[in-house]
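Notes for the one structure printed next.
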Amino acid sequence: MHATLPLLLTTTFPALARRSVETIQVNLGYRCNQSCLHCHVNAGPQRKEEMTAETIDALLAFVGASPEVRLLDLTGGAPELNPHFRRLVVAGRERGLRVVDRCNLTILEEPGQEDLAEFLAAHRVEVVASLPCYLEENVDRQRGKGSFEASIRGLQRLNALGFGVDGSGLILNLVFNPQGPTLPPQQGPLAAAYHEHLGRQFGVAFNQLFTLSNMPIQRFGSMLVSKGQFNSYLQLLRSAHRDENLEQVMCRNLLSVDWQGYLYDCDFNQQLGLPISGAGRPRLHITEVNATALDGCAIRVANHCYGCTAGQGSSCGGALGDEVAAAPGCGT
């Protein structure tokens, strides 16, 4: 795999500073039941890294000492494959936190996960589900043959439990990624297309669609290098930068925690090995600081940050603005 960090470090991206930490995004490990082409984590079935019980205890202590934290955002790999996932969910909900599970949908059919959907419903976990298109051919090309059908079955199962259904209070949001080195289409019209197609063809309902830019790092970045498209994609991101998106980028109020408990400004920095540093240490562990101590600290930036400010913007909660980036279809 091609290393992309050396191609990203020299940057003119504007300086940013952290605000108070409201969201803790926790990477529970890189093991996944899929190996998607756009994956910025390079997750897959052969990965062994996973957060231990001791680190989860440290994470809960950190949250307990940080009253400004309101959201626990669980990601991976497939976060549900971590053996301590359910304990962490229960502990987060008992502390009054919103808990988000970034779910790939196909995990619902994996051995040992037969009751996962019911567990998520019982604890009122918000599901953010990756579905990079509403067309079978595009999803299977990006995620593997049969992924689309399994994803639809997963959505139908979640709907049957009330997820995405008006009035249930059970949140089901979907995530779109472009198929290649392009900006996402405008979020609003694409969401309408998703609602119409998935509802008409499969009876599937959901709350919101989040559009995310592909980051030029890890598996996707290496593919761009191999195809000679890395520089042109970076130029696309830089040329579409909008200063107004800087106020809303996720790293302002989010803290990313890797499977070992080390801290980063965002999940993308985590995958590039760009940790938060301080107190004379090259990287900080969750046992060494509290959330308040990070207020006002400089955010580490590099050229990949343009992926969050290009066009309508991109964050873990979807688009930041309303700029039209492309026609509202998921074949781009």
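Residue numbers (full-length UniProt numbering): 1 to 332. Even glycine gets a Cβ: it sits at the ideal position worked out from N, Cα and C.
Going by beta carbon distance, what residues of the same chain come within less than 6 Å of residue i, once the five residues before and after it are set aside?
| i | result |
| --- | --- |
| Gly-278 | Leu-284 |
| residue 333 | With the chain represented from 1 up to 332, any question about residue 333 goes unanswered, as that position is not in the structure. |
| Ile-171 | Glu-126, Asn-207 |
| Asn-177 | His-38, Pro-132, Leu-212, Asn-214 |
| His-84 | Ala-53, Ile-56 |
Would you list the one or two residues that DSSP bridges to residue i?
| i | result |
| --- | --- |
| Asp-73 | Gln-25, Val-100 |
| Thr-211 | Phe-176 |
| Ser-256 | Gln-25, Tyr-264 |
| Glu-50 | Gly-29 |
| Gly-44 | Arg-31 |
| Ala-17 | Ala-298 |
| His-241 | Ala-310 |
Just mark residue i as buried or exposed, buried being the case when its beta carbon has 16 or more other beta carbons within 10 Å.
| i | result |
| --- | --- |
| Glu-80 | buried |
| Asp-265 | buried |
| Ser-239 | exposed |
| Glu-50 | buried |
| Asn-290 | exposed |
| Ala-129 | buried |
| Pro-132 | buried |
| Thr-106 | buried |
| Leu-115 | Checking the sequence, you will find Asp at residue 115 rather than Leu. Result: exposed. |
| Tyr-4 | For the sequence presented, residue 4 should be read as Thr rather than Tyr. Per the 10 Å Cβ criterion, buried. |
| Ala-325 | In this prediction, Ala-325 scores a pLDDT of 44, lower than 50, which makes its location untrustworthy; no coordinate-derived value is stated. |
For residue i, I'd like the list of residues in its chain whose CB is within less than 8 Å of its CB, leaving aside the five on either flank, ordered along the chain.
| i | result |
| --- | --- |
| Ala-298 | Ala-15, Leu-16, Ala-17, Arg-18 |
| Val-301 | Thr-11, Phe-13, Pro-14, Ala-15, Leu-16 |
| Leu-246 | Pro-14, Leu-16, Thr-309 |
| Gly-76 | Asn-27, Leu-28, Gly-29, Tyr-30, Arg-31, Cys-32, Val-41, Ala-43, Asn-82, Arg-102 |
| Gly-146 | Asp-140 |
| Gly-199 | Ala-205 |
Considering only residues of the same chain and omitting the five flanking positions on each side of residue i, which have a CB-CB separation below 7 Å?
| i | result |
| --- | --- |
| Gly-296 | Ala-17, Arg-18 |
| Glu-244 | Gly-321 |
Just checking my contact of residue i with residue j at CB under 8 Å: how many whole Å lie between their CB atoms?
| i | j | result |
| --- | --- | --- |
| Ala-205 | Arg-157 | Their Cβ separation, rounded to whole angstroms, is 13 Å, which puts Ala-205 and Arg-157 out of contact at 8 Å. |
| Asn-207 | Gly-164 | 6 Å |
| Tyr-306 | Leu-237 | 4 Å |
| Gln-187 | Gly-318 | 6 Å |
| Phe-210 | Val-175 | 5 Å |
| Gln-248 | Gly-154 | Gln-248 to Gly-154, Cβ: 30 Å. No contact. |
Can you confirm whether residue i, when its beta carbon is compared against all beta carbons of chain B, has any partner nearer than 8 Å?
| i | result |
| --- | --- |
| Val-63 | Structure shown: chain B not included; a single protein chain is present. |
Unbroken stretches of the alpha helix (DSSP H), 4 residues or longer, contained in the region 265 to 329: With a minimum length of 4 residues, the continuous alpha helix (DSSP H) runs that stay inside the region 265 to 329 are 267 to 272, 306 to 309.
Completely contained beta strand (DSSP E) runs for the region 135 to 202, where each covers 3 or more residues: 172 to 176
Contained beta strand (DSSP E) runs [length at least 3] in the region 110 to 137, N- to C-terminal order: 126 to 130
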